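With this note's numbering applied, the sequence shown covers 2 to 237.
Taking it in order: structure first as structure tokens, then the write-up.
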Amino acid sequence: MLLELDNIENELTSSNTFTDEDHRILRSYDGVIEGIATLFGKQCEVILHSLESVDRSVIKIENGFNTGRVEGSPITDLALKMLQDISAQNKQCSKAYFTQTKDGQMMRSMTIAIKNRSERTIGLICININIGASFIDFVQELLPTPETRETELSSENFATTVEELVDRSVEETIADINNRTDIANNAKNKHIVISLHQQGIFDIKDAINMVAEKLNISKHTVYLYIRQIKSDEAEL
């Protein structure tokens, strides 16, 4: 096994000159790294490895205090092993596995391969969740705080079809606008269209026809409202 890992590392270090496109592909995952770490909290370490240089492979890391690593740290022997397993099984990611940090913390981990246009593996995303942390600390990272409830808690429509998504969005917007006493009745349809435009609903194909039918107005009226909205936005 050690010989196999040495062979992998030798191959990586001897032949990996990346193109500009390879670099762009890797950097396009920066937001993914940040997003996963933000979603799961500080007990979740997320690392972006570039296989261009395994001796300083870490090019992006969130919550690195869990293992003490920073940008510029080398790849691990286990990450190389996961790369071998992924390649051998022709998969995109490894199975979940367990590791242990130097200070004895247990981690549940997964490795995901990043490939370029030629299907060559150029990077890895490694996700390590510190399951050795206290349950309270872990859960508190996931639950909303009183401040979150007031400022960040949002409803979301988990629709199974586009029609259902548009229908729910229109129904909720109609209810919201109808409850507002500061909007005249003859202006409510326009404000409903404005709100739906702000939600991005009209980016959905055929949404204009569905909204027009729901509001019992012509699609030309909806188009008119949208043109007015865009005209007002252009003047700002």
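Ideal Cβ placement from N, Cα and C applies to all residues, glycine included.
Small disclaimer: the values here were computed from a predicted structure and weren't measured.
{"Item": "Residue environment, Glu172, which counts as buried when at least 16 other CB atoms sit within 10 Å", "Value": "exposed"}
{"Item": "Val71 classed as buried or exposed, judged by whether at least 16 other C-beta atoms fall within 10 angstroms", "Value": "exposed"}
{"Item": "Ile128 versus Val212, Ile137, His50, residue with shortest Cα-Cα distance", "Value": "His50"}
{"Item": "Same chain, Cβ closer than 7 Å to His192, five either side skipped, listed in chain order", "Value": "Ile178, Ile184"}
{"Item": "Option nearest Val194 by Cα separation, candidates Val212, Lys206, Asp207", "Value": "Val212"}
{"Item": "Exposed unless 16 or more other CB atoms sit within 10 angstroms - verdict on Ser135", "Value": "exposed"}
{"Item": "Pair within 8 Å by beta-carbon distance, Asn117 and Asn67", "Value": "no"}
{"Item": "Backbone secondary structure at Ser196 - three-state DSSP", "Value": "helix"}
{"Item": "Inter-residue Cα distance where the pair is Lys206 and Leu216", "Value": "17 Å"}
{"Item": "Straight-line Cα distance separating Ser110 from Glu234", "Value": "47 Å"}
{"Item": "Supposed close pair Ser170, Leu197 - CB separation, criterion 8 Å", "Value": "6 Å"}
{"Item": "Endpoints, the alpha helix (DSSP H) within which Tyr226 is located", "Value": "220-236"}
{"Item": "Phe19 to Ile60 span [Cα, whole Å]", "Value": "14 Å"}
{"Item": "Buried/exposed call for Leu4, threshold 16 Cβ in 10 Å", "Value": "Note on Leu4: pLDDT 40, under 50, position unreliable in the model; the coordinate value appears next. Leu4 is exposed by the Cβ-count criterion."}
{"Item": "Nearest-angstrom Cβ-Cβ length linking Gln44 and Asp104, presumed shorter than 8 Å", "Value": "In fact, because the Cβ distance is near 14 Å, the residues do not count as touching under 8 Å."}
{"Item": "Contact under 8 Å by Cβ, Thr112 with Ala80", "Value": "yes"}
{"Item": "Top-ranked residue by Cα proximity to Asp57, from Ala176, Pro145, Tyr224, Gly124", "Value": "It should be noted that the sequence gives Arg, not Asp, for residue 57. Selected option, being the one with the closest Cα: Gly124."}
{"Item": "Buried versus exposed call for Val140 [16 or more other C-beta atoms within 10 Å across all chains shown]", "Value": "exposed"}
{"Item": "Counted within 10 angstroms of its Cβ, other Cβ atoms place Val223 as buried (16 or more) or exposed", "Value": "buried"}
{"Item": "Rounded C-alpha distance that separates Ser219 from Ile227", "Value": "13 Å"}
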